[in-house]
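Numbering (the numbering used here), first residue to last: -19 to 41.
Where is the CB? At the ideal position from N, CA and C, for every residue including glycine.
Predicted model only: the values in this text are computed from it and were never measured.
In what follows, a structure is listed as structure tokens, so that the remarks can point back to it.
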């Protein structure tokens, strides 16, 4: 199953719990985001959500 989704990373949830999957993303960076503090905050939240919702097996962060 392929699921395409666009949304706020803070609302990230696992659409298929207990199944193996891959997350592919193109998060904002540099000028697309604006400020360095905003970029740091975004990546921090993204990492927290990935670990909470999707980390099984051998995640490579």
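- Between residue -6 and residue 34, the gap from beta carbon to beta carbon is short of 8 Å.
- Between residue 3 and residue 30 a beta carbon distance of about 7 Å is seen, short of the 8 Å cut, so the two are scored as contacting.
- Within the same chain, -5 come within 6 Å of residue -17 by CB-CB distance, once the 5 residues on both sides are set aside.
- Taking the Cα positions, residue 1 is about 32 Å away from residue 15.
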